[in-house]
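In our numbering, the protein residues as written are 272 to 570.
Written out as structure tokens, the structure reads:
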């Protein structure tokens, strides 16, 4: 089978290498020598050299014309207009990719695809990887492990014995709580729904209502948000200890009032896309397996 891959981060680089073992892969917008992010390793990969199974294309049209399966990055975009492509010197417009595909027989697969993309791609089959339950669940593992890494690197205390508050008890919140509990941290989980509160207590964590945080916040060493809605406003942030670390795992707009957290000079890290940063190889395996399952390809 032929695959076209446009843009992407280290996960996509690894994905291209994996797919090339059994398929022909056409690539555009990935050159790991060029790097827009200081956080990404710039070691050279086989993808830069080109192989019999990986063809580095000169433009989008050449890459897309070669196959019926076109793969984009996860997430597809960070600004809603340009492709997420940290290894490309030029911006790649999402609209340009969709217009180049323009074929009802082609399938476009990427992650976290916004509604406007569907509106301009009426004749193209689109599949959002982040709507595949298997991938979102597996991604929580890398997110949780990455959160532990962020916590260790940005605090001066042990995780063991720390007072940790986790906002939200969905997929990510559950796994983050489990991983930190395994390091003997004292875990409190905040939720709204009664059934979530019941599960929190059943699993042995302390519970609190996410709507009534306020003064209770001053006791925590680390606060981890998983809710993609502003939870920590000026009122809540005013109670947080200056020595505490706030880690926001939620996608835009995040769960923290960005302006106020800067004004108060709190220790705040918006840790987005952790799977691609902390475990690109494992994440690429998950993505590849999910794509194969979607296409009915079984190893």
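Note that the Cβ used here is the ideal one computed from N, Cα and C, for glycine as well. These numbers were taken from a predicted model, which means no experiment stands behind them.
Within the stretch 491 to 539, the complete alpha helix (DSSP H) segments at least 4 residues long are 505 to 508, 529 to 534, listed from N- to C-terminus.
In this structure, residue 363 sits away from residue 378, with a CB-CB distance that is not shorter than 8 Å.
The continuous stretches of alpha helix (DSSP H) do not include residue 462, which lies in the beta strand (DSSP E) extending over residues 457 to 462.
Bridge pairing for residue 399: 381 [DSSP].
Between residue 460 and residue 470, the alpha-carbon positions lie close to 10 Å from each other. Considering only 485, 326, 301, the residue with the shortest C-alpha distance to residue 343 is 301.
Inter-residue distance for residue 443 and residue 411 is about 5 Å (C-alpha atoms, whole angstroms). For residue 363, no beta strand (DSSP E) segment is defined, and its DSSP state is neither H nor E. Under the rule that a run must span 4 or more residues, the alpha helix (DSSP H) segments found entirely inside the stretch 385 to 450 read 386 to 391, 404 to 424. As computed with DSSP, residue 483 is found in no beta bridge at all.
In the three-state reduction of the DSSP assignment, residue 301 falls in the coil class, being assigned neither a helical nor a strand state. Contact check for residue 499 against residue 515 fails: the beta carbons are separated by 8 Å or more. Rounded to whole angstroms, residue 513 and residue 450 show a C-alpha spacing of 25 Å. Within the same chain, and ignoring the five residues on either side of residue 468 in sequence, the residues whose Cβ sits closer than 8 Å to its Cβ are 462, 478, 480. Annotation for residue 414: 443, 446, 447, 520, 545, 546 place their beta carbon closer than 8 Å to its own, counting only its chain and skipping 5 residues before and after. Considering only 510, 525, 549, the residue with the shortest C-alpha distance to residue 535 is 510. The residue from 296, 527, 452, 465 with its alpha-carbon nearest to that of residue 432 is 452. Take residue 434, set aside five residues on each side of it, and the residues of its chain with a beta-carbon closer than 6 Å to its own are 457, 490, 491, 492, in chain order. The DSSP-derived three-state label of residue 477 is strand.
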